[in-house]
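Chain order of the listed sequences is A and B.
Numbering of the first sequence is given in our numbering, commencing with residue 3 and proceeding in unit increments.
Numbering of the second sequence is given in our numbering, commencing with residue 9 and proceeding in unit increments.
Ideal placement from N, C-alpha and C gives every residue a C-beta, glycine not left out.
It should be emphasised that the depicted structure is a prediction, and the values quoted were computed from it without experimental measurement.
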Amino acid sequence: EAQVTQNPRYLITVTGKKLTVTCSQNMNHEYMSWYRQDPGLGLRQIYYSMNVEVTDKGDVPEGYKVSRKEKRNFPLILESPSPNQTSLYFCASSFTPGGVYEQYFGPGTRLTVT
Amino acid sequence: EDKVVQSPLSLVVHEGDTVTLNCSYEVTNFRSLLWYKQEKKAPTFLFMLTSSGIEKKSGRLSSILDKKELFSILNITATQTGDSAVYLCAVDNAGNNRKLIWGLGTSLAVNP
Chain A
3 EAQVTQNPRY
13 LITVTGKKLT
23 VTCSQNMNHE
33 YMSWYRQDPG
43 LGLRQIYYSM
53 NVEVTDKGDV
63 PEGYKVSRKE
73 KRNFPLILES
83 PSPNQTSLYF
93 CASSFTPGGV
103 YEQYFGPGTR
113 LTVT
Chain B
9 EDKVVQSPLS
19 LVVHEGDTVT
29 LNCSYEVTNF
39 RSLLWYKQEK
49 KAPTFLFMLT
59 SSGIEKKSGR
69 LSSILDKKEL
79 FSILNITATQ
89 TGDSAVYLCA
99 VDNAGNNRKL
109 IWGLGTSLAV
119 NP
C-alpha cells in the first residue's frame with residue numbers, strides 16, 4: 003500500500019530535550035516536505051527536499067533541522083524544542099516531474115512541548 | 009506576495025444542501041490548483057486543476073478553475089454528514105521553490 007508514515011503519532015516532551023520525528027514513504031517520491039499546522043495559521047512549510055542530499059528552508063525553518071540521506075526517509079529534528087513548537091506536524095511527499103503535483107500526507111504527529 | 013484566500017471560513021448546512029466553497033489566488037507563476045479534504049487527520053487529495061473551464065467531478069463533488077479571474081470553486085451537492093471537514097485549497101507556484109501556497113481552509117459542518 004502506497005503510504006507516508008510518521009512516528010511517533012503523539013509526543014509530549016519538555017523544553018530543551020532533543021527529539022526526532024521520522025517520516026518514510028514507499029512511493030519512490032523525489033520531493034518530501036514537512037509542515038506544521040496551527041489554528042488560524044493553516045499549513046506552513048518548515049523544510050523541503052527535492053531529492054537525496056538536497057534540502058532547503060520553507061517558510062518557518064527556525065528551530066528545526068532535516069536530513070535526506072535516503073530517498074524514502076526525511077526525519078525532522080528539533081535540537082532544543084520550545085513551547086512555541088507545540089503543533090501538529092505533517093510529512094508529505096510527491097513526484098516532481100516538473101512540479102510538486104499531488105502531495106501525499108502522513109498521518110500527522112501531535113507534539114506538545116511543556 | 010503570493011497568497012491563497014478561501015471563503016467562507018466556516019459554513020454550517022443541513023444534510024441535502026448544496027454548498028459552494030471559494031478559493032481565490034494571487035501567485036507569480038501559476039502551475040495548478042489543488043483541493044484537499046481534511047477530517048480529524050491528514051489532508052487527502054480531491055482534485056487538481058490546471059486548465060480554465062474544465063470541470064473535475066467525483067461523485068457529488070465537482071470543481072472548476074477560472075484562470076482569468078484567478079479563482080476556483082468546489083461544489084458539493086446533496087451534502088452528507090460525512091462531508092463535514094476542512095476543505096483546503098493550495099496553489100502550485102512553479103516559480104517559488106515549487107512549493108504549494110495553502111489557504112486557511114473552509115470548515116464545513118453538515119448537520120443531520
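Residue i versus residue j - alpha carbon distance
i: K45 of chain B; j: E72 of chain A; result: 30 Å
i: L13 of chain A; j: I62 of chain B; result: 44 Å
i: V35 of chain B; j: V13 of chain B; result: 11 Å
i: K59 of chain A; j: Y50 of chain A; result: 6 Å
i: T89 of chain B; j: E32 of chain A; result: 37 Å
i: T57 of chain A; j: A93 of chain B; result: 32 Å
CB contact check: residue i to chain B, cutoff 7 Å
i: L45 of chain A; result: yes
i: F76 of chain A; result: no
i: F97 of chain A; result: no
Closer than 7 Å to chain A by CB, residue i
i: K48 of chain B; result: no
i: L73 of chain B; result: no
i: L116 of chain B; result: no
i: F53 of chain B; result: yes
i: L112 of chain B; result: yes
As assigned by DSSP and simplified to three states, the class of residue i
i: Q5 of chain A; result: coil
i: D25 of chain B; result: coil
i: N83 of chain B; result: strand
i: R24 of chain A; result: With the sequence shown as reference, residue 24 of chain A is identified as Thr, and Arg is not the correct amino acid for it. Strand at T24 of chain A.
i: G90 of chain B; result: helix
i: Q39 of chain A; result: strand
Under 7 Å by beta carbon: chain E residues contacting residue i
i: Q5 of chain A; result: Here the protein chains are A and B, and chain E is not one of them.
Quiz item: Looking at chain B, which residues of the region 12 to 26 of chain A have a Cβ within less than 7 Å of any of its Cβ atoms?
Solution: none
Exercise. Jot down the residue ranges of each uninterrupted beta strand (DSSP E) in the region 41 to 78 of chain B, minimum 3 residues, whole runs only, in chain order.
Key: 52 to 57, 64 to 66, 69 to 74
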